[in-house]
Every structure is written in C-alpha cells, then in structure tokens.
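Take 4 as the starting number for the sequence shown in this note's numbering and just add one per residue.
Built from N, CA and C at the ideal position, the CB exists for glycine as well.
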Amino acid sequence: MRRFFARLRPGRSEAGVFDQIPDGVRPSLLFAFDGFLNAGSAPRLAVEHLQSRDEGEVVHEFDLDDYFDYRARRPPMVFDRDRYAEYDRPSLELRAHHDDNGAPYLVLSGPEPDFRWEQFAEEVHEIVEEYGVELVIGLGAVPMGVPHTRPSVITNHASRRELLDRKNLFRAQVVVPASIHSVLEIRLGEWGHDSVGYVAHVPQYVAQVEYPSASVALLEAVAGRTGLHFDLEELRLQQAETVADIHKQVEEQDGGDVLANLERQYDQMTRSAVEPPLVADESELPTGDEIGSQFEEFLAQLDRKEPGAGE
Numbered sequence: 004m005r006r007f008f009a010r011l012r013p014g015r016s017e018a019g020v021f022d023q024i025p026d027g028v029r030p031s032l033l034f035a036f037d038g039f040l041n042a043g044s045a046p047r048l049a050v051e052h053l054q055s056r057d058e059g060e061v062v063h064e065f066d067l068d069d070y071f072d073y074r075a076r077r078p079p080m081v082f083d084r085d086r087y088a089e090y091d092r093p094s095l096e097l098r099a100h101h102d103d104n105g106a107p108y109l110v111l112s113g114p115e116p117d118f119r120w121e122q123f124a125e126e127v128h129e130i131v132e133e134y135g136v137e138l139v140i141g142l143g144a145v146p147m148g149v150p151h152t153r154p155s156v157i158t159n160h161a162s163r164r165e166l167l168d169r170k171n172l173f174r175a176q177v178v179v180p181a182s183i184h185s186v187l188e189i190r191l192g193e194w195g196h197d198s199v200g201y202v203a204h205v206p207q208y209v210a211q212v213e214y215p216s217a218s219v220a221l222l223e224a225v226a227g228r229t230g231l232h233f234d235l236e237e238l239r240l241q242q243a244e245t246v247a248d249i250h251k252q253v254e255e256q257d258g259g260d261v262l263a264n265l266e267r268q269y270d271q272m273t274r275s276a277v278e279p280p281l282v283a284d285e286s287e288l289p290t291g292d293e294i295g296s297q298f299e300e301f302l303a304q305l306d307r308k309e310p311g312a313g314e
C-alpha cells in the first residue's frame with residue numbers, strides 16, 4: 004500500500020468516493036494554495052466557491068508538520084479571559100468533488116508548503132497515479148499593472164507546449180521566484196503527467212483585498228479546458244459588488260488619471276499582442292509611487308472592510 008494512504012482519515016476507503024466513475028473517465032485535479040501566488044485571494048475564493056456548492060469529501064490529509072512553518076505563519080488562536088479556547092488548526096487537504104453535472108474532480112488546497120517541496124511533489128505524484136488523474140491544474144494570481152475596468156488577463160503555462168489552450172499576452176522570458184506551483188508542474192512533467200497552470204493578473208492596487216473578478220476568470224479557464232460545469236452566478240454577484248465599490252473608492256480618492264493610464268496600457272497591449280515589453284510606451288505606466296499615493300487611503304479603507312485577505 005502506498006505511503007499516502009496511511010494518512011487517509013480513519014474510515015476512508017481507497018478512492019472509494021469515486022467508485023461510480025464510468026470506465027475510461029479520468030478526473031482532473033485542481034490545486035490552489037494560500038501563499039505566494041494568491042493576489043486578491045483569487046485562488047482561495049475560487050476554491051471556496053466550489054466547496055460552497057459541493058463540500059466534497061476529504062480523501063487525503065497531508066501531514067502539515069512536514070510542510071508548514073508554524074513560527075513564520077502563526078495560526079490564530081483565541082484566548083478567552085483565562086484559558087486558550089480555540090485553535091484554528093491549518094490543514095492541507097485533498098477533496099473529491101462533483102461538478103453541477105455530476106462529473107468528478109479533485110481539489111487540493113490549503114497553505115503553500117514552506118518545507119520539503121520535493122517530498123510534497125512526490126506525495127502529489129502518488130495521488131495522481133492512484134486516482135488516475137488525467138490533468139493537474141494549478142490556480143494562481145499575481146499583482147500586475149492592469150485596470151479593474153477590463154477583463155481579467157490569464158497567463159497559461161504547461162509542462163508541455165501542446166497543452167497550452169490560449170495565447171499569452173505577456174510572453175517575456177523572466178526570472179521569477181520559485182513556488183510549489185512551478186515545482187509541481189516541472190516534476191509532474193518529468194514523471195510523465197500532464198500539468199497546466201492558469202495565473203490571473205490582479206490589479207496591483209487591490210492585490211491585498213479580495214478580488215472575485217480574477218476568481219471568475221480562473222474558474223472559467225478551468226471549465227473551458229476540462230468541460231467541468233460550475234455555476235458562477237454567486238461569484239459574479241460578488242464581482243459586481245466589488246467592482247462597484249472600487250469605482251466608488253477610485254472616484255473619492257481622485258485616482259481617475261492613474262486608472263486611465265492603466266486602461267490605455269491594457270488596450271494597447273490587447274490590440275497589438277506584441278512581443279515584450281509588456282507596454283509599447285513604458286512611460287505611460289504609472290510608477291509604484293504614483294499608484295501608492297493615489298490609492299493609499301483607498302487600500303486602507305478596503306483592508307478594514309475585507310479582513311482575511313490572501314497573502
């Protein structure tokens with residue numbers, strides 16, 4: 004018996020939740036972690052939306068003591084007058100779900116591992132093989148110089164170029180910090196398993212608050228790729244409310260000029276879809292200082308209104 008089944012919750016059978024899968028049907032596995040690639044909390048919001056429609060069943064729980072830095076990311080705890088009353092224990096879980104049409108898929112979510120990335124990748128590899136996963140899909144989000152008034156941009160990457168299903172607007176070669184997303188994609192590809200990733204571009208001025216627009220874009224990308232069906236109506240309502248609130252705050256904080264510059268940059272990029280640099284005239288892109296001065300109070304107000312935003 005493989006090592007990871009020893010960590011299944013008591014009473015769970017080996018892949019029993021998917022016993023009714025028709026012959027030849029192989030589930031996809033989505034993963035989204037709280038950590039580096041979680042701008043606007045977009046991946047977390049996407050997972051929470053899926054779980055609100057189908058709670059799913061925990062089929063594997065990772066031993067977080069192997070992977071989590073408790074001192075750097077101290078979980079919250081309630082102290083009630085003279086005793087510790089509650090401990091919000093972090094967890095990294097694999098859940099089995101079914102979409103709105105009953106199609107099976109898996110979701111791996113929780114805090115991004117801090118330690119033992121290679122060991123974690125091997126554990127995920129065992130899961131992929133045991134469940135006959137056809138495609139592993141990573142969900143991420145990064146802060147970028149894009150406006151909230153335009154459709155969310157998605158960057159697509161994959162372990163094989165043949166797996167790409169869209170043309171990226173941003174196609175520069177850059178050096179970026181590693182993440183468990185990138186390590187998983189590389190290792191799974193080396194082990195012969197198909198893996199793709201969708202990364203939403205979140206306006207940098209709202210990267211620290213919840214931004215449902217990017218969550219909608221991520222789930223639409225997953226649905227378009229896999230054929231899974233997700234009702235996104237509730238998430239789109241959150242999106243409309245958030246965008247309306249951002250409009251109001253931008254107006255109150257006199258951020259119109261900065262926003263107009265970002266819109267011109269976005270429109271120019273999408274019309275031409277040229278090779279890098281990202282903008283034809285980088286002078287049109289507001290600097291970090293300009294954005295910071297325009298939106299400082301705006302962000303402070305949103306932070307007070309939206310506790311628990313992603314890292």
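Cβ pair residue i, residue j closer than 8 Å
i	j	result
N159	V199	yes
L32	F233	no
Y330	S44	The structure shown has nothing for residue 330, since the chain only spans 4 to 314.
Q241	P146	no
P154	L262	no
G62	R119	The displayed chain sequence assigns Val, not Gly, to residue 62. No, Cβ-Cβ distance for V62 and R119 is not below 8 Å.
D117	S162	no
A217	A203	yes
L222	A49	yes
D66	E115	no
G227	H184	no
Coarse secondary structure for residue i, derived from DSSP in three states
i	result
P215	helix
Y73	coil
D235	Note on identity: in this sequence residue 235 is Leu, with Asp being the wrong assignment. Of the three classes helix, strand and coil, the one that applies to L235 here is coil, per DSSP.
D57	coil
L67	helix
A210	coil
L40	coil
V246	helix
S185	helix
R84	coil
E225	Just to set this straight, residue 225 is Val in the shown sequence, not Glu. In the structure shown, V225 sits in a helix (DSSP, three-state: H, G or I).
V28	coil
V253	helix
V261	helix
G230	coil
Local Cβ density within 10 Å of residue i, reported as buried at 16 or more and exposed below that
i	result
G291	Residue placement at G291 is poorly supported in this model, since its pLDDT is 47, which falls under 50; the coordinates still yield a value, given next. With fewer than 16 Cβ atoms within 10 Å of its Cβ, G291 is classed as exposed.
G148	buried
Q122	exposed
Y108	buried
D102	buried
Y73	exposed
G105	exposed
Y70	buried
S94	exposed
E254	exposed
T273	exposed
Y269	buried
Cross-strand partners of residue i (DSSP beta bridge)
i	result
G195	Per DSSP, none; premise fails for G195.
A35	S112
V50	According to DSSP, which records beta bridges pairwise, V50 is partnered with nothing at all.
Y201	L142 and N159
E266	Partner(s): none; E266 has no beta bridge.
Any non-hydrogen atom of the ligand GDP within 7 Å of residue i CB
i	result
S55	As presented, the structure is devoid of all ligands, the ligand GDP included, so that no description of it is given.
Give the list of continuous alpha helix (DSSP H) stretches no shorter than 4 residues that lie fully inside the segment 95-175. 120-133
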